[in-house]
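Numbering (this note's numbering), first residue to last: 71 to 551.
Some notes on the structure that comes next.
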Ligand code: NAD
């Protein structure tokens, strides 16, 4: 078995897997091996969980007992160290996940900002005094919950890890981070950053390994107090079932099939120029991708032409090339899925306007595809493709737009484009999506809650809302006499 050049993080230390397992991760831009990574198995999970459990010690361990102000300072140092190591981390992400280097740099900065935001939280997130009828004093306490298993996908490996690790640590919990098998490198590097910043080593564990084994063991372990998961809806449903045995707290950030709703009264040129990157950014592998673009019929043909022209301008290329706007997909399997959906769409009667070509080069590249005349009942409009495929769907009027946008099993994100403020208010109120933006493609800001409705998830991440997942609220009543 080859020796790993990236080791696990257990009790804050870099260690090989107990049974010596390794995984070879590929560079999506070449399809060639990039690194050999230690692959955790059951003994590594046991060591990490037992250590995290002892580190919590019913809230008396070093990290949960650290004062809130000092915890905040440590998280601030995490942000500083992420910035100091930004160029190495961004390069690692670009090579391992295939992200354009400029995007990867932005993601490292966004992860640093996430830690910065939660650095300010620990001494401001506290209990309260509540007036009660009985003579006495009722107070609430905010306490950490215990060891948290944080399971993340491959599409934004470091950034999504930061959304879970930062609030979990802010509340005083030991963490066990489980990155996706395809992209473990920056999560492992984050483990080093946490320890170097001053989180006690016994509270820091990063286990690279298969979800079906490592993830399942973590979720089913009664010593895990909370599971924070981001990934596919089917995996989320499985996690919900497994965690039900021990009534473990779970929050789920799952799939999406988000709509950009474009009314004829919008600034159509601006919309057509900017929406392509809301679908094709990260090669379409974005849970918030506006993969359904709903356009009012009177503007439909012109919009499709302008949208396809703007899409043709996207520079697809090597992740480390600064001109690149869209890199390769993460794996051959992911590219195959997109190609299969394109064939299904055409078979169902949709029109491929441009793209969907596999270029003659190594790596998992696919040109961004625009598919028009899509009906919302078609599979390409209903199922999450998670690739560079945009379905453009016409609608007749406001009610029709809302009906089509909401006719989806998902409800994660979305946009509406209109020149009318009153319409924006009306439509925003009726669209069933956790996060919406008006005349913009933005989805995620660290300060605001983020999460899905329907099959897109359970609970909210980011903002102060995330702290509720990672803390327990207890009530104590003091009798007056
Ligand atoms: P995935 O569900 O296959 O894997 C996600 C993580 O779960 C990985 O670390 C994986 O190893 C682990 N896992 C797999 N099986 C498991 C099991 N049985 N028990 C515990 N853990 C297990 O998802 P993916 O393919 O890595 O990511 C793509 C999906 O993530 C898409 O559906 C996308 O929409 C979703 N996503 C959602 C958000 C959001 O915030 N809503 C953000 C990013 C990605």
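Think of the CB as a built atom: it goes at the ideal place given N, C-alpha and C, for glycine as much as any other residue.
Inset, instruction - Measure the beta-carbon distance from residue 329 to residue 360 and round it to whole angstroms, keeping in mind my assumption that it falls under 8 Å. - result: By 1-based counting over the chain shown, the position of residue 329 is 259. By 1-based counting over the chain shown, the position of residue 360 is 290. Going by Cβ atoms, the distance from residue 329 to residue 360 rounds to 7 Å, so yes, they are a contact pair.
Inset, instruction - Pick out whichever of 406, 448 and 501 has its Cα sitting closest to the Cα of residue 470. - result: By 1-based counting over the chain shown, the position of residue 470 is 400. Of 406, 448 and 501, the residue nearest in Cα terms is 501.
Inset, instruction - Count the other CB atoms, across all protein chains shown, that sit within 10 Å of the CB of residue 16; report buried if there are 16 or more and exposed otherwise. - result: Residue numbering for the chain in the displayed model covers 71 to 551; residue 16 lies beyond these limits and cannot be assessed.
Inset, instruction - Please find out if some non-hydrogen atom of the ligand NAD comes closer than 6 Å to the beta-carbon of residue 245. - result: Looking up residue 245 in the chain shown gives position 175. Residue 245: no, Cβ never under 6 Å from the ligand NAD.
Inset, instruction - Examine the ligand NAD and report whether any of its heavy atoms sits within less than 6 Å of the Cβ of residue 357. - result: Your numbering for residue 357 matches position 287 in the chain shown. Indeed, a heavy atom of the ligand NAD lies less than 6 Å from the Cβ.
Inset, instruction - Could you name the residues of the same chain whose beta carbon sits closer than 7 Å to that of residue 112, not counting the 5 residues immediately before and after it, in chain order? - result: In the chain shown, residue 112 corresponds to position 42, counting from 1. Here residue 112 has 287 as same chain residues with Cβ atoms under 7 Å from its own Cβ, once five neighbours each way along the sequence are excluded.
Inset, instruction - For the stretch 101 to 110 and the stretch 226 to 242, state whether three or more C-beta atom pairs, one from each stretch, are separated by less than 8 Å. - result: no
Inset, instruction - Give every residue of the same chain whose Cβ lies closer than 6 Å to the Cβ of residue 261, excluding the five residues on either side of it in the sequence, and list them in chain order. - result: What you label residue 261 is simply residue 191 of the chain shown in a count that begins at 1. Only 79, 274 and 276 meet the Cβ criterion.
Legend entry - Where the beta strand (DSSP E) containing residue 80 begins and where it ends: The residue labelled residue 80 in the question sits at position 10 within the chain shown. Here the beta strand (DSSP E) through residue 80 covers 78 to 80.
Legend entry - Inter-stretch contact at 8 Å, needing at least 3 Cβ pairs: the stretch 119 to 127 / the stretch 185 to 192: no
Inset, instruction - Write down the C-beta distance between residue 458 and residue 434 rounded to the nearest angstrom, noting that I regard them as a contact closer than 8 Å. - result: Working through the chain shown from its first residue, we reach residue 458 at position 388. Working through the chain shown from its first residue, we reach residue 434 at position 364. About 11 Å; that fails the 8 Å criterion.
Inset, instruction - Determine the DSSP secondary structure at residue 133, reduced to helix, strand or coil. - result: For the purposes of this step, residue 133 is taken as residue 63 along the chain shown, with counting starting at 1. Reduced to three states, the DSSP call for residue 133 is helix.
Legend entry - In DSSP terms, what residue 487 is bridged to: Translated into positions along the chain shown, residue 487 becomes position 417. Residue 487 pairs with 332.
Inset, instruction - Would you tell me roughly how many angstroms separate the C-alpha atoms of residue 153 and residue 84, rounded to the nearest one? - result: In the chain shown, residue 153 corresponds to position 83, counting from 1. In the chain shown, residue 84 corresponds to position 14, counting from 1. Rounded to the nearest angstrom, the two C-alpha atoms are 22 Å apart.
Inset, instruction - Verify the contact flag: residue 221, CB atom, against every heavy atom of the ligand SAM, threshold strictly below 6 Å. - result: Although the ligand SAM was asked about, the structure shown includes only the ligand NAD as ligands.
Inset, instruction - Examine the ligand NAD and report whether any of its heavy atoms sits within less than 6 Å of the Cβ of residue 179. - result: Position 109 of the chain shown, counted from the first residue, corresponds to residue 179. Because no heavy atom of the ligand NAD lies under 6 Å away, the Cβ of residue 179 does not count as near it: no.
Inset, instruction - Can you tell me which of the three DSSP states residue 248 falls into? - result: Numbered from its first residue, the chain shown carries residue 248 at position 178. If DSSP states are grouped into helix, strand and coil, residue 248 belongs with the strands.
Legend entry - Run of the beta strand (DSSP E) containing residue 219, from where it starts to where it stops: As a working mapping, residue 219 is identified with position 149 in the chain shown. Residues 218 to 221.
Legend entry - Pairwise C-alpha distance: residue 197 and residue 548: Position 478 of the chain shown, counted from the first residue, corresponds to residue 548. Position 127 of the chain shown, counted from the first residue, corresponds to residue 197. If you take the alpha carbons of residue 548 and residue 197, they lie about 15 Å apart.
Inset, instruction - Closer than 6 Å by C-beta to residue 322: which residues in its own chain qualify, once you throw out the five before and the five after it? Chain order, please. - result: Start at 1 with the first residue of the chain shown, and residue 322 comes out as number 252. Cβ within range, chain order: 299, 306, 527 and 528.
Legend entry - Straight-line Cα distance separating residue 465 from residue 266: Here residue 266 corresponds to residue number 196 of the chain shown, with the count starting at 1. Here residue 465 corresponds to residue number 395 of the chain shown, with the count starting at 1. If I take the Cα positions, the gap works out to 54 Å.
Inset, instruction - Determine the contact status of residue 483 and residue 505, defining contact as a CB-CB distance below 7 Å. - result: Position 413 of the chain shown holds residue 483. Position 435 of the chain shown holds residue 505. Yes. Within cutoff.
Inset, instruction - Taking only the alpha-carbon atoms, compute the straight-line gap between residue 75 and residue 278 and give it to the nearest angstrom. - result: On the chain shown, position 5 is the one that residue 75 refers to. On the chain shown, position 208 is the one that residue 278 refers to. Cα to Cα, residue 75 sits roughly 13 Å from residue 278.
Inset, instruction - Would you check if there are 3 or more beta carbon pairs closer than 8 Å linking the stretch 393 to 408 to the stretch 163 to 183? - result: yes
Legend entry - DSSP-derived helix/strand/coil call for residue 527: In the chain shown, counting from the first residue as 1, residue 527 sits at position 457. Residue state, collapsed to three classes: strand.
Inset, instruction - Let me know if residue 403 comes out buried or exposed under the rule of 16 or more other beta-carbons within 10 Å of its beta-carbon. - result: Position 333 of the chain shown holds residue 403. Exposed, since its Cβ has fewer than 16 Cβ neighbours within 10 Å.
Inset, instruction - Taking only the alpha-carbon atoms, compute the straight-line gap between residue 438 and residue 423 and give it to the nearest angstrom. - result: The residue you call residue 438 lines up with position 368 of the chain shown. The residue you call residue 423 lines up with position 353 of the chain shown. Answer to the nearest angstrom: the Cα atoms are 11 Å apart.
Inset, instruction - Return the residue from the list 159, 498, 194 and 387 that minimises the CA-CA distance to residue 176. - result: Counting from 1 along the chain shown, the entry for residue 176 is found at position 106. Closest option to residue 176, Cα to Cα, is 159.
Inset, instruction - List the endpoints of the continuous beta strand (DSSP E) containing residue 366. - result: Here residue 366 refers to the residue found at position 296 when the chain shown is read from its first residue. Its beta strand (DSSP E) spans residues 362 to 366.
Inset, instruction - Confirm the yes/no value for this check: CB of residue 166, any heavy atom of the ligand NAD, distance under 6 Å. - result: Counting from one through the chain shown, the residue named residue 166 turns up at place 96. Because no heavy atom of the ligand NAD lies under 6 Å away, the Cβ of residue 166 does not count as near it: no.
Inset, instruction - Would you mind listing the beta strand (DSSP E) stretches within the stretch 404 to 467 that are 3+ residues and don't spill past its ends, in chain order? - result: 421 to 424, 439 to 442 and 459 to 465
Inset, instruction - Using DSSP bridges, identify the partner residues of residue 83. - result: Start at 1 with the first residue of the chain shown, and residue 83 comes out as number 13. Its beta-bridge partners are 80.
Legend entry - Counted within 10 angstroms of its Cβ, other Cβ atoms place residue 326 as buried (16 or more) or exposed: Indexing the chain shown from 1 puts residue 326 at position 256. In this structure residue 326 is buried. Its beta-carbon is surrounded by 16 or more other beta-carbon atoms within 10 angstroms.
Inset, instruction - With hydrogens ignored, establish whether the beta-carbon of residue 116 is closer than 6 Å to any heavy atom of the ligand NAD. - result: Locating residue 116 in the chain shown gives position 46, counting from the first residue. No, the Cβ of residue 116 stays beyond 6 Å of every heavy atom of the ligand NAD.
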